[in-house]
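Below: one structure, written as structure tokens.
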Amino acid sequence: MRTTIRQAMSADTYAVAELFDLYRQFYEQPSDLPRANTFIRERIDKKESVILVAESDTNGLVGFCQLYPTFCSVEAQPIYTLYDLFVLPAARKGGVGRMLLCAAQARAQADGKVRMDLTTARTNHQAQRLYESLGWLRDDLFLAYSRHVVR
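Per the numbering used here, the sequence shown starts with residue 13, numbered consecutively.
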């Protein structure tokens, strides 16, 4: 199986949405393919994120990562937040996640970003090992907080 990494295009929306729906289920969200499709279509159409896909020559899309452009106020520089990374279970342990992360780093460098940030579940030890093997540094200094805003 040969796998290549490329940027997602409008024609990939539904296939990426299927992966995105599985990613959300991994984080204990109910399956909602129409919602996933709308979300991915909007990100691609509005150019609000960069979505990189892993495409197998035999199995189609087997993984993706999504980068959101933002800024670091302390460094006063642009960065990417790598918010989503997902590889189909059947394609795991074949280097697809590593390929996506390396492609994300190359894209960040090409786009003039000074850093990439990501968060992952404390229990996602397999992903943590992958990140650390690629030189990502775990932040033990800052705590992360979030707050839902009622509409």
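No residue lacks a Cβ here, since even glycine has one placed at the ideal position from N, Cα and C.
Integer-rounded CB distance, given that residue j should sit under 8 Å from residue i
i, j, result
"ARG14", "ASP69", "5 Å"
"CYS77", "LEU97", "4 Å"
"SER125", "PRO90", "In the sequence as displayed, the identity of residue 125 is Lys instead of Ser. Sure, about 5 Å apart at Cβ, within 8 Å."
"LEU73", "LEU31", "6 Å"
"LEU94", "ALA116", "6 Å"
Cβ pair residue i, residue j closer than 8 Å
i, j, result
"MET111", "ALA66", "yes"
"ILE63", "ALA23", "no"
"GLY75", "GLY109", "yes"
"ASP28", "ILE52", "The identity of residue 28 in the sequence shown is Val, whereas the question assumes Asp. For VAL28 and ILE52, yes; Cβs fall inside 8 Å."
"THR131", "ALA139", "no"
"TYR143", "ALA120", "no"
"ASN49", "TYR26", "yes"
Extent of the continuous beta strand (DSSP E) run through residue i
i, result
"ARG18", "15-19"
Range of the contiguous alpha helix (DSSP H) that encloses residue i
i, result
"LEU142", "137-145"
"ALA120", "108-122"
DSSP bridge partner residues for residue i (one or two, in chain order)
i, result
"PHE96", "The sequence given here places Asp at residue 96; Phe does not occur at that position. Answer is GLN78, bridged to ASP96."
"ASP129", "THR93"
For this session: Counting only runs of 4+ residues fully inside the segment 30-93, write out the alpha helix (DSSP H) ranges in chain order.
Result: If we require 4 residues or more, the alpha helix (DSSP H) runs fully inside the segment 30-93 come out as 45-57.
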